[in-house]
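Asker: In this note's numbering, the protein residues as written are 14 to 447. Don't be surprised by glycine CBs; every beta carbon is placed ideally from N, CA and C. This one's a predicted model, so the numbers in the text were calculated from it and none came from an experiment.
1) Helix, strand or coil for residue 238, going by three-state DSSP, please let me know.
2) To test your reading of the DSSP string, which unbroken alpha helix (DSSP H) runs of 4 or more residues are found completely within the region 197–241?
3) Spatial neighbours of residue 369 within its chain, please: C-beta separation below 8 Å, excluding the five flanking residues on both sides.
4) Can you tell me the Cα-Cα spacing of residue 126 and residue 259, whole angstroms?
5) Is residue 303 closer than 9 Å to residue 56 when the C-beta atoms are compared?
6) Does the separation of the CB atoms of residue 98 and residue 214 fall below 9 Å?
7) Out of curiosity, what's the CA-to-CA distance linking residue 31 and residue 107?
8) Which residues share a DSSP beta bridge with residue 352?
9) Helix, strand or coil: how does DSSP classify residue 392 here?
10) Count the other CB atoms, across all protein chains shown, that sit within 10 Å of the CB of residue 265; report buried if there are 16 or more and exposed otherwise.
11) Given residue 92, which residues of its chain have a CB within under 6 Å of its CB, disregarding the five upstream and five downstream residues?
12) Spatial neighbours of residue 150 within its chain, please: CB distance less than 7 Å, with the 5 preceding and 5 following residues excluded, ordered by chain position.
13) To test your reading of the DSSP string, which unbroken alpha helix (DSSP H) runs of 4 or more residues are found completely within the region 300–373?
14) Give the range of the beta strand (DSSP E) segment to which residue 244 is assigned.
15) Under the three-state reduction of DSSP, which class applies to residue 295: helix, strand or coil?
16) From the DSSP output, read off the bridge partner residues of residue 178.
17) Thinking residue 175 and residue 153 are a contact (beta carbons under 8 Å), I'd like their distance in whole angstroms, please.
18) Thinking just about the alpha-carbon of each residue, which of 254, 261 and 244 is nearest to the one in residue 272?
19) With which residues is residue 398 paired in a DSSP beta bridge?
20) For residue 199, which residues of its own chain have a beta-carbon under 8 Å away from its beta-carbon, when the five flanking residues on both sides are left out?
21) Taking only the alpha-carbon atoms, compute the straight-line gap between residue 311 and residue 318 and give it to the nearest angstrom.
22) First and last residue of the alpha helix (DSSP H) that includes residue 88?
23) By Cβ distance, which residues of its chain are closer than 7 Å to residue 188, with the 5 residues on each side in sequence left out?
24) Is the Cβ-Cβ distance between residue 456 and residue 363 less than 9 Å?
25) Short of 6 Å in beta carbon distance, which residues of its chain neighbour residue 285, apart from the five on each side in sequence? Order them along the chain.
26) Do residue 206 and residue 114 have their CB atoms nearer than 9 Å?
27) With C-beta atoms as the reference, is residue 203 less than 9 Å away from residue 192?
28) Could you check where the beta strand (DSSP E) with residue 276 kicks off and where it finishes?
29) Applying the 10 Å Cβ sphere with the 16-neighbour rule, what's the burial state of residue 34?
30) Our contact map puts residue 243 next to residue 86 with C-beta atoms below 8 Å; I'd like the distance itself, whole angstroms only.
31) Would you mind working out which of 102, 116, 101 and 74 sits nearest residue 291, comparing C-alpha positions?
32) Along the chain, where does the alpha helix (DSSP H) containing residue 259 start, and where does it finish?
Given below as structure tokens:
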């Protein structure tokens with residue numbers, strides 16, 4: 014009888030709906046003086062109502078597979094949408110941007126042992142994609158503006174170097190003219206990691222359009238949120254066909270791709286039997302969250318950027334904070350803000366982080382011991398040489414998300430909390446708030 018009761022309790026636990034405290038304001042701490050923030054910085058942007066309704070229809074039908082017979086694929090529609098927005102000829106949906114980056118390298122011919130130039134300041138998915146391809150990352154230093162140092166890029170190229178994976182970390186943009194001058198001069202094939210760069214433009218053109226391949230993310234912290242997801246985009250029909258086959262297009266499933274964003278059948282037929290199926294497809298359930306999010310995206314970007322301008326000015330007024338300026342040739346997508354703490358010692362940085370935490374604002378330090386953006390934590394593909402500029406940068410570089418659901422008052426309050434935390438850290442270390 015006792016066993017039956019336990020089993021019944023377990024069953025009840027298993028089938029109880031999961032209760033989540035999404036965007037529920039936290040209580041203020043009465044022991045903390047000054048500004049406090051009571052919302053989650055990790056709050057994802059919502060899926061449009063149209064996507065929610067389509068997801069429910071798919072769940073009811075059970076047709077979640079992108080190649081369901083007789084059905085118009087939601088993934089194909091999302092591929093068409095991203096081509097329409099970015100200007101690429103072809104797109105292939107993947108289960109993640111990391112998978113798309115891995116397959117981009119495979120499509121360009123990267124083989125085990127090849128060296129691939131990559132940003133030293135990036136996310137672990139980038140060196141992981143290189144590692145997945147059996148290649149060896151060669152890390153290029155970052156500037157204080159969080160972008161690839163083109164002088165160091167040039168110095169890292171050897172006669173055998175053929176590949177560059179350029180990351181636009183947090184949507185920050187290097188001098189693209191200088192990068193592609195180096196690439197052209199030294200014959201580098203470029204993959205652009207545009208995980209954070211959907212909508213970001215250089216000279217009025219979507220980032221990635223100069224690359225052989227560009228990869229985009231729709232993971233939950235990105236400007237379009239499908240939980241997980243990514244796209245490989247290219248103007249090369251053979252690369253597009255091969256990428257689709259790597260993702261999991263076999264036999265004549267390519268006929269379910271839309272001709273508006275997929276190459277002709279002859280390209281699939283030429284590569285499908287020599288290309289392994291890694292089963293990295295995007296599902297229709299993921300895709301239906303994506304397509305409607307392109308509607309009104311530029312208006313959302315305009316709002317992101319207006320809010321960013323305000324908080325950047327607020328923080329940059331402090332003598333102890335530097336917010337790197339946006340290049341005038343860039344149209345950013347400012348759904349987060351990054352800044353450098355100036356002149357802070359290690360204990361002062363720790364004090365700043367602790368004060369933010371007390372005040373309800375969980376900001377990130379790129380150089381923290383457990384941050385997946387700290388190259389010291391990429392032990393599977395460690396740096397082969399010291400990276401002093403990047404190490405110095407991430408030791409005092411702070412990361413703050415600015416979710417779409419936050420109001421202008423919320424954004425202003427975030428700025429107030431950050432400035433108060435700077436004062437707290439300085440006061441604790443030398444008894445003087447500034």
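Answerer: Judging by the given coordinates:
1) Counting from 1 along the chain shown, the entry for residue 238 is found at position 225. Coil.
2) Listed in chain order, nothing qualifies, since the region 197–241 has no complete alpha helix (DSSP H) run of 4 or more residues.
3) On the chain shown, residue 369 is found 356 positions in, with the first residue counted as 1. Excluding sequence neighbours, residue 369 sits near 375, 376, 430, 431 and 434.
4) For the purposes of this step, residue 126 is taken as the residue at position 113 of the chain shown. For the purposes of this step, residue 259 is taken as the residue at position 246 of the chain shown. If I take the Cα positions, the gap works out to 21 Å.
5) One-based indexing of the chain shown puts residue 56 at position 43. One-based indexing of the chain shown puts residue 303 at position 290. Not a contact, by the Cβ cut-off of 9 Å.
6) The count along the chain shown starts at 1 and reaches residue 98 at position 85. The count along the chain shown starts at 1 and reaches residue 214 at position 201. Cβ atoms of residue 98 and residue 214: not closer than 9 Å.
7) To locate residue 31, count along the chain shown from 1; it is residue 18. To locate residue 107, count along the chain shown from 1; it is residue 94. For residue 31, the pLDDT reaches just 45, beneath the cut-off of 50, and the residue's location in the model is therefore unreliable, although a value from the coordinates is still provided. For residue 31 and residue 107, the distance between alpha carbons rounds to 28 Å.
8) By one-based count along the chain shown, residue 352 stands at place 339. Looking at the DSSP assignment, residue 352 forms a beta bridge with 411.
9) Locating residue 392 in the chain shown gives position 379, where the first residue counts as 1. For residue 392, the secondary structure class from DSSP, reduced to helix, strand or coil, is coil.
10) The count along the chain shown starts at 1 and reaches residue 265 at position 252. By the 10 Å Cβ count, residue 265 comes out exposed.
11) Sequence index remark: in the chain shown, residue 92 carries index 79 (1-based). Apart from sequence neighbours up to five positions away, the residues of its chain that approach residue 92 with a beta-carbon distance below 6 Å are 104, 106 and 274, ordered along the chain.
12) Here residue 150 refers to the residue found at position 137 when the chain shown is read from its first residue. Hits under 7 Å: 129, 131, 140, 143 and 394.
13) Listed in chain order, the alpha helix (DSSP H) runs fully inside the region 300–373 are 310–329 and 359–371, counting runs of at least 4 residues.
14) Counting from one through the chain shown, the residue named residue 244 turns up at place 231. Its beta strand (DSSP E) spans residues 243–247.
15) For the purposes of this step, residue 295 is taken as the residue at position 282 of the chain shown. Looking at residue 295 - three-state DSSP - the assignment turns out to be coil, as it is neither helix nor strand.
16) Position 165 of the chain shown, counted from the start, is the residue given in the question as residue 178. The partner list for residue 178 (beta bridge, DSSP) reads 131 and 204.
17) Position 162 of the chain shown holds residue 175. Position 140 of the chain shown holds residue 153. Contact between residue 175 and residue 153 is ruled out by a C-beta separation of about 15 Å, above the 8 Å threshold.
18) Taking the first residue of the chain shown as 1, we reach residue 272 at position 259. Of the candidates 254, 261 and 244, 254 places its Cα closest to the Cα of residue 272.
19) As a first step, residue 398 is located in the chain shown; it is residue number 385 there, counting from the start. Per DSSP, none; premise fails for residue 398.
20) Here residue 199 corresponds to residue number 186 of the chain shown, with the count starting at 1. So the qualifying residues of the chain are 167, 170 and 174.
21) Counted from its first residue, the chain shown places residue 311 at position 298. Counted from its first residue, the chain shown places residue 318 at position 305. About 10 Å.
22) The residue given as residue 88 occupies position 75 in the chain shown. Residues 87–99.
23) By 1-based counting over the chain shown, the position of residue 188 is 175. The beta carbon of residue 188 is closer than 7 Å to those of 163 in its chain, skipping five residues each way along the sequence.
24) Only positions 14 to 447 of the chain appear in the structure, and residue 456 is not among them; the question remains open.
25) For this step, residue 285 is matched to residue 272 along the chain shown. In the same chain as residue 285, and ignoring 5 residues on each side of it, the C-beta atoms closer than 6 Å to its own belong to 258, in chain order.
26) As a first step, residue 206 is located in the chain shown; it is residue number 193 there, counting from the start. As a first step, residue 114 is located in the chain shown; it is residue number 101 there, counting from the start. Taking 9 Å as the Cβ cut-off, residue 206 and residue 114 qualify as a contacting pair.
27) Translated into the one-based positions of the chain shown, residue 203 becomes position 190. Translated into the one-based positions of the chain shown, residue 192 becomes position 179. Yes, the pair counts as a contact, with Cβ atoms nearer than the cut-off.
28) Position 263 of the chain shown holds residue 276. Run containing residue 276: none; DSSP gives neither H nor E here.
29) By 1-based counting over the chain shown, the position of residue 34 is 21. Residue confidence is low: residue 34 scores 48 on pLDDT, short of 50, so the model does not pin down where it sits. No coordinate-derived value is stated.
30) Taking the chain shown and counting its residues from 1, the one referred to as residue 243 is at position 230. Taking the chain shown and counting its residues from 1, the one referred to as residue 86 is at position 73. Contact check for residue 243 and residue 86: beta-carbon distance about 16 Å, past the 8 Å limit, so the pair fails to qualify.
31) Within the chain shown, residue 291 is the residue found at index 278, counting from 1. When the alpha-carbon of residue 291 is set against those of 102, 116, 101 and 74, the nearest one is in 116.
32) For the purposes of this step, residue 259 is taken as the residue at position 246 of the chain shown. Start and end: 250–260.
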